[in-house]
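Written below as structure tokens is the structure these notes are about.
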Ligand SMILES: Nc1ncnc2c1ncn2[C@@H]1O[C@H](COP(=O)(O)OP(=O)(O)O)[C@@H](O)[C@H]1O
Ligand SMILES: Cc1cn([C@H]2C[C@H](O)[C@@H](COP(=O)(O)OP(=O)(O)O)O2)c(=O)[nH]c1=O
């Protein structure tokens, strides 16, 4: 039996961790595998080191991608083979959307370039839930988190949000977009509905 891979994506502060905690404590997902990118492996630690220092953006992409390759080899593929439902807080679309912005000065079409280097080995999710929100609201919700100035952060996140929406437009059958500038209860219901429909298909 083949399992299902569900990914949660969105800008920082869009509410992914909050919903992950909700799903994690929901009885329907007691057998699901909860995971994330960057992962908790040593490569994930290296990724955080790169984020926290002034590392070259291409080097940063390679670290994120190495972490993804190891995530697929050690957890994603084996769990899918066992027929598990996997819920990942961030996955490949984070790279397409974020490094699609940070590599703007290096490539003409950075998002497409990043997508290309994943081709042939990544595992495409069965469902991707995109948590969509205005970056101004997301940054306000995060308070002091992060080191960038508010302006830099909002500018980056505006670009990331646009990339996510472009990805969703290109693959409407994979993506479900959820407006997270709403009451938590409504968001929880929409997420449950999206996941239930993929589990039944
Ligand atoms: N629907 C919501 N309404 C108001 N605040 C929210 C909502 N969802 C999350 N938050 C708050 O916003 C902040 C960022 O949410 P979080 O889940 O950590 O986002 P992410 O994991 O996407 O970075 C947290 O302080 C969280 O409590
Ligand atoms: C997985 C991934 C994350 N990121 C970014 C998103 C976040 O700003 C940062 C750390 O991810 P994360 O710890 O998930 O941040 P948050 O909980 O605030 O959403 O790394 C990328 O730029 N590319 C990637 O491939």
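Residue numbers (the UniProt record's numbering): 1 to 201. Heads up, the beta-carbon is just placed ideally off N, CA and C, and yes, glycines get one too.
- Nearest Cα to residue 82 within the set 51, 31, 116, 55: 31.
- Beyond the five residues adjoining it in sequence on each side, residue 128 comes within less than 7 Å, by CB distance, of 7, 9, 93, 174, 175 in the same chain, given in chain order.
- Pairing residue 70 with residue 49, the inter-Cα distance amounts to about 17 Å.
- Going by beta carbons, residue 5 and residue 126 fall inside the 8 Å limit.
- Take the alpha-carbon of residue 155 and the one of residue 11: they are about 12 Å apart.
- Annotated three-state conformation of residue 84 is coil, per DSSP.
- Selection around ligand 1 by beta-carbon proximity, strictly under 5 Å to any non-hydrogen atom, yields 12, 13, 14, 15, 16, 17, 18, 141, 184 in chain order.
- Residues of the same chain with a CB within less than 8 Å of the CB of residue 59, apart from the 5 flanking positions on each side, are 50 in chain order.
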